[in-house]
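To start, the structure itself, in structure tokens.
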Amino acid sequence: MPGYDPQAYEAWYHTSRGAWIADREFTLLMRMMRPTHHASLLDVGCGTGYFSRRFAAAGLSITGIDPDEAMLAFAVGQDGGIDYLQGDALALPFADGSFDHCAAITSLCFIDDPVRALREMLRIARRSIMLGLLNRHSRLYRQKYGRGGYLNARWDGSEDIRRWIARINPHLQTEIRSAVFFPGENPVARSAELCLSNRLPWGGFLAVVLRQSEG
């Protein structure tokens, strides 16, 4: 999240609630994308590198990019064997098809022109891009909209995603799922989460995979 203290931002992922939410998000995205081992992935808006490191630990070859110098400095200081560089999601400094995959985990929520950013990600990704978005049609939205770290975030719905895709390439293979239906950390919330299908559209986290056409 732009302007955040890197240590405080990273620390949230190591709280009980933060770790549980991140696990739900990461597991869903990886199940949807099904990347091959050693595939290359650009993590756009990588922040402190939390998800970059998780992707790397899952066997992917990762490059992280972020506009925030302090976030990148923190990311570089972590052990992960990942290349990090400073850059803008609206003008990615890579040639067409430079990576197998591209990811943006909640970072797109802080970009004013999501369509332009998506065009850039699709330009550099040979196979697919995956997105983690904040869902406007969720309990999390009712609890967190306009507060704390969500103050400047944009909340989207599946209808927004499909409108973006219609402008970019209506033939893209698009898969949308959701998770984190009850964003608490108590046992009841966690048990309820396991009983709900990711096909339901009301989770606080929207997971999106866009696949390029073959050939």
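Residue numbering for the sequence shown follows the numbering used here, starting at 1365 and increasing by one per position.
Glycine residues also receive a C-beta, built at the ideal position from the N, C-alpha and C atoms.
Computed from a predicted structure; not experimentally measured.
The closest CA to that of P1565, considering only Q1537, S1577, E1523 and R1527, is found on E1523. In the DSSP secondary-structure assignment, I1532 is not bridged to any residue. Between the stretch 1465-1482 and the stretch 1513-1523 there are three or more inter-stretch CB-CB distances shorter than 8 Å, so the stretches are counted as touching. A residue is called buried once 16 or more other Cβ atoms fall within 10 Å of its Cβ, and T1379, having fewer, is exposed. Annotation for G1413: G1428, A1439 and Q1442 place their beta carbon closer than 6 Å to its own, counting only its chain and skipping 5 residues before and after. Its chain contains L1405, D1407, I1426 and A1467 as the residues whose beta carbon lies nearer than 8 Å to that of F1419, once the 5 sequence neighbours on both sides are disregarded; these appear in chain order. Here V1440 carries a helix assignment [DSSP, helix/strand/coil]. A check of alpha carbon separations from G1567 across D1369, L1504, R1554 and H1401 identifies L1504 as the nearest. Between A1403 and D1464, the C-beta gap is smaller than 8 Å, which places the two residues in contact. The straight-line gap separating the alpha-carbon atoms of A1386 and A1543 is approximately 10 Å. Excluding residues up to 5 positions away in sequence, M1494, G1496 and A1571 lie with their Cβ nearer than 7 Å to the Cβ of L1393 in the same chain.
With fewer than 16 other Cβ atoms from the protein chains shown falling within 10 Å of its own Cβ, E1539 counts as exposed. Exposure of A1372 is indicated by the presence of fewer than 16 other C-beta atoms within 10 angstroms of its C-beta.
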